[in-house]
Amino acid sequence: MGRIEPERLVDLAAQAAWEVKAHNPVILDLRGISSLADHFLICSADSDRHVRAIADHIGECLEKAQVRMHHREGYPEARWILLDYHDLIIHIFDAETRRYYNLEWLWGDAPQREYRG
62 MGRIEPERLV
72 DLAAQAAWEV
82 KAHNPVILDL
92 RGISSLADHF
102 LICSADSDRH
112 VRAIADHIGE
122 CLEKAQVRMH
132 HREGYPEARW
142 ILLDYHDLII
152 HIFDAETRRY
162 YNLEWLWGDA
172 PQREYRG
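Going by the working numbering, the sequence shown opens with residue 62, and the numbers climb by one from there.
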């Protein structure tokens, strides 16, 4: 497996989320701010089924690009699914959970951009 550039990785994931109607995808650039990851992708969905569908589609698309997932959390409950790809951490929320945790505000010092396909 070759190494994929961080910007390409986050764009692939954001496009995959967009394809299955993820709401308000936002990309946070954490380089120079945190050692957790280079980027966060944050998006939300209408229901637990929609949250899972977004996670599944992102996983399938990145697997086709030969990007291996390191870790996944929250799939059974599907209120907040976290997909860890080392350089990219993807947060897929239901709307209520996204408002409650408000990661965009928590990481407010990180440059942010909305993804619009």
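Each residue gets a CB set at the ideal place from its N, CA and C atoms; glycine is no exception.
Query raised in the report: With which residues is Leu-102 paired in a DSSP beta bridge?
Result: Stepping through the sequence shown from its first residue, residue 102 is reached at position 41. DSSP, once it has assigned bridges, lists Ile-88, Ile-151 as partnering Leu-102.
Query raised in the report: Where DSSP assigns a beta bridge to His-132, which residues make up the other side?
Result: Indexing the sequence shown from 1 puts residue 132 at position 71. In the DSSP output, where bridge partners are listed per residue, His-132 has Asp-145.
Requested in this report: Look at the Cβ atom of Ala-75, then the Cβ atom of Ile-88, and state whether they are nearer than 9 Å.
Outcome: As a working mapping, residue 75 is identified with position 14 in the sequence shown. As a working mapping, residue 88 is identified with position 27 in the sequence shown. Taking a C-beta distance under 9 Å as the contact criterion, Ala-75 and Ile-88 qualify as a contact pair.
Query raised in the report: Do the segment 166-173 and the segment 136-143 meet, that is, are 3 or more Cβ pairs less than 8 Å apart?
Result: Taking 8 Å as the limit for Cβ pairs, the verdict is that the segment 136-143 does not touch the segment 166-173.
Query - Cut-off 7 Å between Cβ atoms - residues of its own chain near Asp-99, not counting five sequence neighbours on either side - result: Translated into the one-based positions of the sequence shown, residue 99 becomes position 38. Cβ neighbours of Asp-99 beyond the five flanking positions: Pro-67, Leu-91, Arg-92, Asp-148, Leu-149.
Query - Simplified DSSP assignment, three categories, for Gln-2 - result: The shown model of the chain, from 62 to 178, leaves out residue 2, and the question about it has no answer.
Report task. Leaving aside the five residues before and after Gln-173 along the sequence, list all residues of the same chain whose C-beta is less than 6 Å from its C-beta, in chain order. Result -> Position 112 of the sequence shown, counting from 1, holds the residue named residue 173. Val-87, Leu-89, listed in sequence order.
Query raised in the report: Between the C-alpha atoms of Arg-69 and Val-128, what's the straight-line distance to the nearest angstrom?
Result: By 1-based counting over the sequence shown, the position of residue 69 is 8. By 1-based counting over the sequence shown, the position of residue 128 is 67. Each residue's Cα considered, the two are about 11 Å apart.
Query raised in the report: Of all the CB atoms in chain C, is at least one closer than 9 Å to the CB of Ile-151?
Result: Judged by its chain identifiers, the structure shown contains no chain C, having just a single protein chain.
Query - Option nearest Trp-79 by Cα separation, candidates Cys-122, Tyr-146, Glu-157 - result: The sequence position of residue 79 within the sequence shown is 18, counting from 1. Nearest of Cys-122, Tyr-146, Glu-157 to Trp-79, Cα basis: Cys-122.
Query raised in the report: Using the rule of at least 16 other Cβ atoms within 10 Å of the residue's Cβ for burial, across every protein chain shown, is Leu-97 buried or exposed?
Result: The sequence position of residue 97 within the sequence shown is 36, counting from 1. So Leu-97 ends up on the exposed side.
Query raised in the report: Which residues bound the beta strand (DSSP E) around Arg-174?
Result: Translated into positions along the sequence shown, residue 174 becomes position 113. Counting along the chain, the beta strand (DSSP E) containing Arg-174 begins and ends at 173-175.
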